[in-house]
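From first to last, the protein sequence lines are chains E and P. For any residue, its number in the working numbering is found by taking its place in the first sequence, counting from 1, and adding 15. For any residue, its number in the working numbering is found by taking its place in the second sequence, counting from 1, and adding 27.
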Amino acid sequence: MIQIENLSKNYGSKVVLDDISATFRSGKIIGLLGPNGAGKTTFLKILAGVAGDYKGVVRVGGFEVGPKTKEITSYSPDCEYLPGWMSLNQIAKVYSDYFSDFNSERAFMLAERFKLDPKQKIKNMSKGMQEKIQLALTLSRKAQIYLLDEPIGGVDPASRAAIMDLIIGEYREDAVMIIATHLVSDIENIFDQVMFMDNGKISLFEDVEKIRMDKNMSVDALFKEVFACSAT
Amino acid sequence: MFGNLIKNELILTGGPIGTTFAVYLIMSAVFLLAILAGVVPVLAGVLLFLASLGQSFVVLGLIVVNYYRSMSGRTAYLTHTVPVPPTHHYFSKMIVSTLYMFLSQCTMLGVFWLANQAFMRNGGDIQAELTRIFSLLFESAIDSMGISGLRPLLPILGLLLILLSCVFSCATYFFAITLGTSKFFRKMGVVGPIIVYFIQSSIMQVLVMLAMFTIPLGLLISLNNLGGADSVSAEWVNKSYAWWFFDQMQNNTGSTYIGAGAYIVQPILLAVLVVWSIRVVKKHSGVR
């Protein structure tokens with residue numbers, strides 16, 4: 016589904032992604048884990064097609080990143096990106112115009128599930144509510160690739176379980192979902208695979224079951240062990 | 028999809044710009060009524076002029092801010108995930124922004140015309156005299172350029188020139204923002220587009236002046252009895268403005284000359300700005 020070969024990207028003199036190669040297959044939920052500045056967000060931005068000027072080959076669904084890959088990729092960034100003066104009612108119309116796979120009824124159903132008022136302006140919502148709206152919009156597309164950057168970062172613990180249920184409910188054999196997060200313990204149960212990133216490199220890309228079997232520890236424990244070492 | 032981009036661009040920018048137009052029209056109506064009623068007409072005229080300038084600057088500001096936000100700011104995440112090539116984003120914004128800027132300029136001119144009519148109806152001798160002089164100069168200019176036969180088309184030509192100036196303005200500002208927010212100027216923040224704008228404007232002014240001086244094509248206009256604005260001849264010549272300038276310095280014949288090279292170079296510069304902006308959007312820009 017996604018093939019990456021020798022992907023590198025710099026911001027000025029700083030190397031953000033350093034010669035990464037990986038393949039992501041459909042039917043998997045993949046956790047993209049790493050400390051701040053590891054390159055997770057840049058990695059997702061490149062896959063989503065919102066950041067260019069990189070070296071290497073990135074193919075999504077068999078195509079180089081561009082309009083064709085954007086048709087099948089649903090992306091939720093780690094910041095609030097919706098126009099603040101709009102409400103869900105208005106933004107759903109914009110999504111319907113832009114994305115042929117967007118299901119507005121589903122977006123309203125998810126908003127209702129999150130107890131969000133579709134008439135409320137986005138700028139008047141809290142950070143957590145805005146994240147829920149963004150997630151509802153992203154998951155209301157019937158895409159083949161879902162890229163979620165910190166989907167539960169600003170959400171209260173009570174809502175996290177609901178979001179986890181929602182993400183699991185979206186699981187499809189023909190889709191791949193990549194989730195970047197710091198909150199490993201909250202979310203690790205839904206991952207099929209995890210990819211650890213550090214200093215722009217992939218330090219581990221493994222099935223979660225294999226980690227649990229071979230190392231006899233949870234992903235969270237392994238994450239703390241690996242990145243505690245790298246921090247010292 | 029391009030139609031959807033245009034539609035949503037109209038909606039996204041339409042709210043604040045529509046509000047600006049509405050406020051401006053209400054203010055203009057009040058000031059025009061004051062002029063008609065003869066209640067502090069001079070003050071009302073000055074305020075009308077300031078409101079017109081204000082409206083023009085606010086619309087320009089909204090266009091610039093919207094382009095920045097949707098191409099490089101937070102809402103760029105939405106813009107750049109839409110499955111269309113960057114050229115579609117650029118041209119949809121260019122079309123809608125040009126339309127709003129054109130409406131802004133036309134509204135302003137319309138209000139100025141109404142203000143002039145109101146002053147004249149109110150017995151404004153100065154306005155009447157100014158209008159007469161401007162009309163004479165206008166007629167004279169048409170005659171001297173040999174386009175009297177095109178008189179019915181002149182309003183359309185005027186609107187077309189305003190439209191072209193709006194396209195040129197949008198291309199200039201969009202280029203400054205696009206290049207000024209690319210990776211080369213990223214660390215400078217908002218200063219980046221400002222620096223690019225001034226450098227680009229300076230270079231373009233120099234190029235236009237160079238074209239005016241060096242391209243051997245111009246319109247020679249001989250005038251006499253200037254007080255009456257009576258022109259006698261117009262002739263297309265193929266000598267450079269520089270030649271004419273030095274000729275004038277030595278021998279003042281009472282002729283004047285319009286260097287046409289500038290008008291040849293400007294569309295080329297416009298095309299360069301558009302193509303360069305799209306290249307930068309494709310390769311270097313993106314969300315911050």
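In this text, a Cβ means the ideal position worked out from N, Cα and C, and glycines have one as well.
- Message: Comparing C-alpha positions only, which one of E/ASP93, E/TYR96, E/LYS85 and E/ASN104 sits nearest to P/THR108?
- Response: Your numbering for residue 108 of chain P matches position 81 in the second sequence. Minimum Cα distance to P/THR108 is reached at E/LYS85.
- Would you give the residue range spanned by the beta strand (DSSP E) that E/GLU188 belongs to? What you label residue 188 of chain E is simply residue 173 of the first sequence in a count that begins at 1. Premise fails: E/GLU188 is in no beta strand (DSSP E) and is neither H nor E.
- Message: Going residue by residue through the segment 76-151 of chain P, where are the continuous alpha helix (DSSP H) segments of at least 4 residues, counting only ones entirely within it?
- Response: 103-106 and 113-148
- Residues bridged to E/LYS29 [DSSP beta-bridge criterion]: Walking along the first sequence from the start, residue 29 of chain E turns up at place 14. According to DSSP, E/LYS29 bridges with E/TYR26.
- Helix, strand or coil at E/THR38 according to DSSP, with G and I counted as helix: In the first sequence, residue 38 of chain E corresponds to position 23, counting from 1. Of the three classes helix, strand and coil, the one that applies to E/THR38 here is strand, per DSSP.
- Straight-line Cα distance separating P/THR158 from E/ASN139: For the purposes of this step, residue 139 of chain E is taken as residue 124 along the first sequence, with counting starting at 1. For the purposes of this step, residue 158 of chain P is taken as residue 131 along the second sequence, with counting starting at 1. Their backbone Cα atoms lie some 52 Å apart in a straight line.
- Message: Less than 8 Å between the beta carbons of P/ILE222 and P/VAL123, yes or no?
- Response: As a working mapping, residue 222 of chain P is identified with position 195 in the second sequence. As a working mapping, residue 123 of chain P is identified with position 96 in the second sequence. Result no, Cβ atoms of P/ILE222 and P/VAL123 do not sit closer than 8 Å.
- Message: Buried or exposed for E/LEU97, going by 16 or more other Cβ atoms inside 10 Å?
- Response: As a first step, residue 97 of chain E must be located in the first sequence, where it is residue number 82. Its Cβ being crowded by 16 or more others within 10 Å, E/LEU97 is buried.
- Query: What three-state label does DSSP hand P/GLY41 in the structure shown?
  - Reply: As a working note, residue 41 of chain P is residue 14 in the second sequence. Three-state DSSP puts P/GLY41 in a helix.
- Task: Using a Cβ cut-off of 7 Å, pull out every chain P residue sitting near E/PRO82, in sequence order please.
- Result: Along the first sequence, read from residue 1 onward, the residue named residue 82 of chain E stands at position 67. Under the 7 Å cutoff, chain P gives PRO110, VAL111 and PRO112.
- For E/PHE78, name the three-state secondary structure that DSSP assigns. Residue 78 of chain E sits at position 63 when you count from the first residue of the first sequence. Residue state, collapsed to three classes: strand.
- Item | Contact list for E/LYS85 against chain P, beta-carbon separation under 9 Å | Within the first sequence, the letter at position 70 stands for residue 85 of chain E. For E/LYS85, the chain P residues whose Cβ falls inside 9 Å of its Cβ are HIS107, THR108, VAL109, PRO110 and VAL111, in order along the chain.
- Answer yes if the segment 197-207 of chain P comes into contact with the segment 51-64 of chain E, meaning at least three C-beta pairs across the two stretches below 8 Å, and no otherwise. The segment 51-64 of chain E and the segment 197-207 of chain P do not touch, with fewer than 3 CB-CB distances between them shorter than 8 Å.
- Task: Following the continuous beta strand (DSSP E) through E/LEU57, name the residue where it begins and the one where it ends.
- Result: As a first step, residue 57 of chain E must be located in the first sequence, where it is residue number 42. Residue identity check: residue 57 of chain E is Thr in the sequence provided, not Leu. For E/THR57, there is no enclosing beta strand (DSSP E); the residue is part of the alpha helix (DSSP H) that begins and ends at 55-63.
- Check distances from the C-beta atoms of the segment 48-76 of chain E to those of chain P and list, in chain order, the residues that come in under 9 Å. LYS60, ALA63, GLY64, VAL65, ALA66, GLY67 and ASP68
- Query: Which partner residues of E/PRO220 appear in the DSSP bridge assignment?
  - Reply: In the first sequence, counting from the first residue as 1, residue 220 of chain E sits at position 205. According to the sequence displayed, residue 220 of chain E carries Phe and not Pro. Note: E/PHE220 sits in a beta bridge opposite E/MET210.
- Go ahead and pull the three-state DSSP assignment for E/GLN18. Along the first sequence, read from residue 1 onward, the residue named residue 18 of chain E stands at position 3. It is a strand residue.
- Pull out every residue of the segment 31-43 of chain P whose Cβ sits closer than 9 Å to any Cβ of chain E, in chain order. ASN31, LEU32, LYS34, ASN35, ILE38, LEU39, GLY42 and PRO43
- Query: Using 8 Å as the limit for Cβ to Cβ distance, is P/TYR104 near chain E?
  - Reply: Taking the first residue of the second sequence as position 1, residue 104 of chain P is located at position 77. Yes, P/TYR104 lies at the interface with chain E (some Cβ there is under 8 Å from its Cβ).
- Message: Just checking P/TYR224 against the ligand ZN - is the residue's beta carbon closer than 7 Å to any of the ligand's heavy atoms?
- Response: The ligand ZN is not part of the structure shown, which contains no ligands of any sort.
- Item | CA nearest to the CA of E/ALA190, picked from E/ASP222, E/GLY42, E/ASN21 and E/LEU32 | Working through the first sequence from its first residue, we reach residue 190 of chain E at position 175. It is E/GLY42.
- Message: Is it buried or exposed, E/ASP93, if we count other Cβ atoms within 10 angstroms and call 16 or more buried?
- Response: Position 78 of the first sequence holds residue 93 of chain E. Burial call: buried.
- Leaving out five residues before and five after E/ALA53 in sequence, what residues of the same chain have Cβ atoms less than 6 Å from its Cβ? By one-based count along the first sequence, residue 53 of chain E stands at place 38. The residues are MET212 and ASP213.
- Task: Give a yes or no on whether 8 Å exceeds the smallest Cβ distance from E/GLU95 to chain P.
- Result: Here residue 95 of chain E refers to the residue found at position 80 when the first sequence is read from its first residue. True, the Cβ-Cβ gap to chain P drops below 8 Å.
- Contacts that P/ARG306 makes with chain E (C-beta to C-beta distance below 9 Å): As a working mapping, residue 306 of chain P is identified with position 279 in the second sequence. Those within 9 Å of P/ARG306 in chain E number zero; the least Cβ separation is about 11 Å.
- Item | Chain-ordered residues of the segment 77-103 of chain P with a beta carbon less than 8 Å from chain E | ARG101, THR102 and ALA103
- Query: Between the C-alpha atoms of E/ILE205 and P/VAL91, what's the straight-line distance to the nearest angstrom?
  - Reply: The count along the first sequence starts at 1 and reaches residue 205 of chain E at position 190. The count along the second sequence starts at 1 and reaches residue 91 of chain P at position 64. In a straight line, the C-alpha of E/ILE205 is about 44 Å away from that of P/VAL91.
- Message: Whether or not the segment 69-89 of chain P and the segment 70-85 of chain E are in contact is what I'm after, with contact meaning three or more pairs of Cβ atoms, one per stretch, closer than 8 Å; do they touch?
- Response: no
- Query: Does the segment 112-129 of chain E come within contact of the segment 174-185 of chain E, defined as at least 3 CB pairs closer than 8 Å?
  - Reply: Flag = yes, the segment 112-129 of chain E and the segment 174-185 of chain E touch.
- Report yes if the C-beta distance between P/PRO68 and P/ASN143 is below 8 Å; otherwise report no. Indexing the second sequence from 1 puts residue 68 of chain P at position 41. Indexing the second sequence from 1 puts residue 143 of chain P at position 116. No, they are not a contact pair.
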